[in-house]
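Below is one structure, written out as C-alpha cells; the observations come after it.
Chains as they are written, first to last, in our numbering: chain A, 1 to 350; chain B, 351 to 700; chain C, 701 to 1050; chain D, 1051 to 1400.
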C-alpha cells in the first residue's frame, strides 16, 4: 500500500516516516515538505540514513491523490483543513495528525484556534483517533483526526473516572510536563539549548488549546459539564509527557473501584499498561520507560489525607502522542494486527 | 564568629559550608561528618578545593559546644532532636536544617515521621525559619528550625492567598517538581544516573511529610482547616524546585487583588521576586533562573475557563530551600544585613 | 531456539533480553541473576513490562546446559571464564559479552585484568565477535567473545587505516566519550545523579583495559607494533560512545584514499555507515543518531594544517557495543539474515 | 568607575554584566545591544531581575566614549575592530572579548577570519588577556584582547610543557568538549534543544580559528614551530569546556618534572588549581566543578604504555573563558585585588 506524508520534515512527520518505513505492509512514496523539497529526507531525519534515499517533495495535491492509497497530514494547525477535502473527494482516506479536524463542533475553532472552520460537515464525520475509545469509528472512517499529544495523555488518564462518574466534573486539574520535541522542529529562543536546558518552565498555565479536546471526550464519555484546568510545563527531556491529574471524588473511593474503572475501559488494550507496582523505582508511570514506544502507562493513587485521586499517564509525545496512534489507526482501518509496525518495546536505560 | 556545621558531608551541609566560607562575618571551624572524619572537605565538595583545608571532624559535642558561637545541623531526620538540646543548654544558638524541630505540635511527629518527639517544650519555642513570615521570632530565637525545601516552595506560594482567605481551604493542590540533589548525597538505584536521567518520575503521589509543615503555616496565617494534596515528581535537573499550586477561589478573583495579596506579604522582601512579565521566555518563575541563589521567584495566573488560580514558585532547593534560608536566619539573629553572604545573582544561561 | 542469558539483570543483559524477546527465531527461557532470582524481570527492566512474565533464575549450570540451545553471558569480568567451559563441554554454543575470552594471548590477562586465565586453549579458539572483521570465524565458532564497547568503537574506526598501513603505528590517540550506562547497573558515588550529571569527566586517562583488545585487532590487520593511547571521558548521556581517533599519516594522504580504505573494509556492511555529508548538523558521526540501533557510524577528516587524520565512530554502547553485536553473531552462526532482530532504525529527535 | 559593555545581549556580555554589577568598584552605566535597544536587560538575562533596571542602549560611540572610564566589547568577530580605535583615541581603555585584536600578526586575519585587519599597529600593542601569562603587559595596556574560550583552555594546559620544551612541537592534539553556551545566544537548528540535547557532536574536526591563538602563545613561550591539531566537540551541558591534550614527550618524562613545569608557571596563581588527587570522583579536572567560577583546573598524567602525556583543563567558557578573565584584567589594570568580583566558589552539586 502506498502512502504519502504531508508535513514530513517535522518531528511528527519524521516519526511517521520511521514507523512506516519499518512497517511490513506499507510503502512510503511521497514525503512532502514545501521548505525542503528536493533535499534528502535522511539529512533532516538522520536515523533514516542508509534506510531510504527518498527526497522531500513539493506539495502537489494532484500527484498525492493520484499516487497514494492513504494520506497522512502532519502539518501545523490551519494547513490541512483546506487540503484534506481534496483527498477525501477522490475516495482516498486521510489520517490527520494536526488539530484541524479534532473538534466536532465547528464553533470551537474560532474560540480555541482563532479561525472559522470551512468544513463543518467533514468535522462531524471525522473519527477521533484514539483507538482505545473510538476503535469502531476509526475502522469505518474516511478521516481520522489524531489527538493532540497532551490531550491524549489527559484523556487516557481521565476517561475511566469520568465514565464511572467518580469525580467532580468542574474541578479537574491536569498538570502536564512535556519534553522539547513537543515544540516542533523550528528553532526559537525558547528552544535554544542554553535557554531550554535545565528548565521546569510553566509555559502555558492556562488556556492550552488541548483543553477543548479533553473536555470534548470527557463530556462524551462522562456526560456534559467537565471543566479541565490544564497547566503545561516544559522539562529537560526531548521526548515524553507525564500528565498528573488531580481530581476530587464525588464519594469516598476505594482502590478496588479504581482498578475496576480502568480495567473496564482498558482491559485488553495492547498499548495501555496499568502500572502500580509495590516496589521498585518504576512502580508508577514514567515517560522514560515509554520513549520510542506506542505505550501509554497509567497509574493511580488515592490520597487519604485530602479527598483526592491522583492519576498519572506517561507517553512518548511523538509516538503514542502522534505518529504511533496514527499508525495504530491505519492498522485498524485495514484490518491488520493492531500492533503491526508498533512492536518496539523501548529501552532500559535510556 | 565561629560556627560549626554538623552533617557537613551532605548537600545541604556542603552548600552551607560554601556560603559560610564566603561570609565576611563568619569562620567555619568545625565540619562534622561521622563517616568521613579525617578526610579533606574539598574531596567531597570539590568547589571548596583551594578555598579551605578543613577536614571533617567526628561528632564531639563537647568540642562543638565549647568552640562554636553558633551551630548548624544539617542531619537526616531523627538525629538532631537528641543533639540540639545539648547545644541550647550551654546557651549557644542553633539553626537546624533537619525536620526535627519544624512542627509545633509534638503529636505530629509520630504521625508524619514515625517517632515520638523527646522535647515537646523545645518544639514549642523553636522559630520556623522562613524570614519572610517569621522574621521577629527568628531574631529572638535560640533555635531556628528551617523548613523543608518543598514545604518552603509551597508555603511561599500559598500563604498570601491563604492569608487573604481567597481560596477553598480543603482543595489545595501542590504539584512539585524537584531535582536530584533533593534526594541527598547517598547513592541508590533511584539516583543512579542511567535510571535517574530523563525521568519525570512521580515518586511521592501523596503522603509527603512536608505536607505537615505546609498545612501548619497555612493554618497559622489563614486559619484552621487547610488541606494540601502534595504530589512530588523527580525531574532531570540537579538543583531546583518548581511547585505549581492549583487552588480554587472562594469568589471570583481579579488579578489586581492577587497582586495586592502578594505585595502585602512580600512587598520589600529582598529574596522574593514576583515574576509576571508580558513577554519573553522567562515571564514566569522557573528554577533555572534561581540556581545558586537565595531567591524565591513567584508567579500567579487566573484561569478564566475553570475557576482556578495557578501559582508557581521556583527555588534552589539547596539554597533558599536549605542553606540560604539558614544563613539568612543567621544574619537576622545577629542584626547583620539580611543579604550578607547571599548576594549571588545566579547565572544566565546555566 | 531456546536461549539462556546469564547476567540478565545488568544493562547488557537487559538489552539482550529486549532484543531476544523481539527476535522471531528465539525464545528466552532462562534469565539468570543470582542477586534477583525469583524477581520479575520487568521490575528491573521496565521496558519489558507487559511483554514478559519471566522471572530471574538462580545460576544453575545443569539447568542451563540442559535447556538451552545457546547461552549468552553478560557477566562482570572474571565470572564467565569458569562457567563457559561447562557449556561448551556439552556441545552448546556460547556468546560471551564479558572480557573473559577476548584476548587471544593468555599472558595478557594477568597484565590487563590481574588474573591468570584458566583456559588458554579455549581462548585460542574463541572468535572475536566483530562480524565486520571476523564473520567467517564467528560462523564456525563454538564460542564468540564479544568486544568491549569502547574497544569496538576504536577498532571499527581504526582498522581500515591500520590495514592500509596509512598511519604511524605507535602514536594512535583514541579520545573516547561515553554515557553513564557504560558504568553498569550498580549505583556508586561516581554514578549518583547529582555527581554524574553535567560532567565531562576524564575517568581513565590511560591504562584502560580495552587498549589490549584494540591493539590485538590492529596488529592482526595492520601488523605488529600498534600502540594506542586511549583516554576515556564520561559525559552526560545515558547511552552512546563517540570515539575520536587522532592519527598521523605516514605519507601525505588524500580523501580519496581514505574513502577507499573504509569502503574496502566496510563496503556492504549492513551496520556500518560512512557519514560525511557536505551540510546539515548531522554531517559527521554522533551517537545521538544511533541510540538504540546496531549501527556504527564512522566519519573521517584530514587536517591539512597539521599532518593528522581525525576519525570518529559513534555507537550505542549497549547495542552495537554489546547486545546488538551479540545478536548479530547469533544470526550469523545460525545462517539467519544478519539484520534479524536488529532492524530498529533509531529515533529523531531523542 | 563607570563602564560600558558593548554587545551586552550575548552570553559573554550578560556574564560580564552579572560580574560587574556585583563588583564593588564598578558601575555599569551603558549596556549596548543594537537589536534590543530600549528593552530591559533583565528580560534577556533573567538572573538580573530585581538587581538592575538598566535597559539596553543603541550603539552611540560618542556617548560611550564620553561617559565611560572603561569599555568592554563582547561583540561577534569583525565588529570591534572598527569601534575600538575610536575609544582608544580619547584615551579610554578597552577590554575586548572578541577575536578582533587577539592575533599579533595582521596576516593571520585573512587566513583565519577571512578579512584584512584595518589596524595592524593597534594589533601589535594589544595585550593578550591571559593574566597568568601576560600580567605585566595587561597592567600597562590600553587594549586587552581576551582569548577565545577553547584557546584559553588549550593554552593554559599546554604552555608549561611547551615552555619546558618537553614535548614534540608538531604533534600536539587538543580534543575539546564544549557546552552549548559556546555557540552564542542566537538560535539555530544546531542549537535547537531536541537536536542539541544528548549529542557528542564533532562540530569542528579541524580548522578551528582558536588554533591560531594557541600556536601564537605556544610559539611565544616555547619557540617557533608548534602545530596544534584541535578538534572541537559539542556535549550536552550549557557551560563548560574540558580540553584534553595528548602530547608526546621528547624524552622519557617523570611526574616530578611535570609537577615542576606546572608549578613554575602557575605557582601562586589565584585561579589555577592543579588537580591530581589520589582518590575520589573529582581527582581530575572536570568543568562541572568550575561552573560559574573563574578557575581553570588543570590535571596531567603520564601514559606509560604509549609515550604520551595527557593534559586536562576545565573552565567555564563564559567566566574564565570570557567575562571572568576580562574582569581579572580590569582588576589588574586598576591595581585592585585580582580576585575582586571573582570570589564565587562554584557549586556542589550542580
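All C-beta atoms in this analysis are idealised placements derived from N, C-alpha and C, irrespective of residue type, glycine included. All of these numbers come straight from a predicted model, not from anything done at the bench.
Residues of chain A whose Cβ lies closer than 7 Å to the Cβ of residue 464 (chain B) do not exist; the shortest such Cβ separation is about 16 Å.
The Cβ atoms of residue 1311 (chain D) and residue 1216 (chain D) sit closer than 8 Å to each other. Contact note: residue 289 (chain A) reaches chain C through 746 and 747, using a C-beta cutoff of 7 Å and chain order. Nothing from the stretch 765-793 of chain C brings a Cβ to less than 8 Å from some Cβ of chain B. Listed along the chain, the chain D residues whose CB falls inside 7 Å of the CB of residue 627 (chain B) are 1093. Taken through DSSP and simplified to helix, strand or coil, residue 547 (chain B) comes out as coil.
Within the model, the alpha-carbon separation for residue 265 (chain A) versus residue 220 (chain A) is close to 14 Å. Below the 9 Å Cβ cutoff, chain B contributes 655 and 656 as neighbours of residue 228 (chain A), in chain order.
By the criterion of a C-beta distance shorter than 6 Å, residue 944 (chain C) is surrounded in its chain by 875 and 1012, once the five residues flanking it on both sides are discounted. Relative to the Cα of residue 368 (chain B), the nearest Cα in the group B:402, B:504 and B:390 belongs to B:402.
Residues of the stretch 366-382 of chain B with a C-beta less than 8 Å from any C-beta of chain D: 368, 371 and 372, listed in chain order.
Contact of residue 1292 (chain D) with chain C is assigned, a C-beta pair being separated by under 8 Å. Here DSSP, grouped into helix, strand and coil, assigns residue 929 (chain C) to strand. Residue-level contact check: residue 348 (chain A) touches chain C, since one or more beta carbons of chain C fall below 8 Å from its beta carbon.
If you ignore the 5 residues before and after residue 1044 (chain C), its C-beta comes within less than 7 Å of the C-beta of 992 and 993, all in its own chain and listed in chain order. The beta carbon of residue 574 (chain B) sits no closer than 8 Å to any beta carbon of chain A. Taking 8 Å as the cut-off, the beta carbon of residue 878 (chain C) is found closer than this to the beta carbon of residue 941 (chain C). Ranked by how close their Cα comes to the Cα of residue 596 (chain B), the residues B:588, B:618, B:652 and B:620 have B:652 in first place.
With at least 16 other beta carbons inside 10 angstroms of its own, residue 699 (chain B) counts as buried. With the rule of 3 Cβ pairs closer than 8 Å, the stretch 910-930 of chain C does not count as touching the stretch 970-987 of chain C.
From the beta-carbon of residue 1241 (chain D), the residues of chain A found nearer than 8 Å are 187, 192, 193 and 194.
At least one CB atom of chain C sits nearer than 8 Å to the CB of residue 345 (chain A). Judged by their CB atoms, residue 124 (chain A) and residue 139 (chain A) are not nearer to each other than the 8 Å cut-off. The C-alpha of residue 773 (chain C) is placed about 26 Å away from the C-alpha of residue 930 (chain C). Take the alpha-carbon of residue 59 (chain A) and the one of residue 65 (chain A): they are about 11 Å apart. Neighbourhood of residue 284 (chain A) in chain B, by CB distance below 9 Å: 551, 552, 553 and 555, in chain order. Residue 149 (chain A): not part of any beta strand (DSSP E); member of the alpha helix (DSSP H) spanning 149-163, first to last residue.
Using a Cβ-Cβ cut-off of 8 Å, residue 361 (chain B) counts as an interface residue toward chain D, since at least one Cβ of chain D sits closer than that to its own.
Taking all protein chains shown into account, residue 667 (chain B) has 16 or more neighbouring C-beta atoms within 10 Å of its C-beta and is therefore buried.
For the stretch 1368-1383 of chain D, the set of positions with a beta-carbon nearer than 7 Å to some beta-carbon of chain B is empty.
In this chain, the beta strand (DSSP E) harbouring residue 946 (chain C) covers 941-947.
Chain C has a Cβ within less than 8 Å of the Cβ of residue 1248 (chain D).
Counting along the chain, residue 1011 (chain C) sits inside the beta strand (DSSP E) bounded by residues 1008-1015. Using a Cβ-Cβ cut-off of 8 Å, residue 530 (chain B) counts as an interface residue toward chain C, since at least one Cβ of chain C sits closer than that to its own. Taking a 10 Å sphere around the C-beta of residue 1168 (chain D), we find fewer than 16 other C-beta atoms and assign the residue as exposed. For a Cβ distance threshold of 7 Å, nothing in chain D lies close to residue 997 (chain C): the least Cβ distance comes to about 11 Å.
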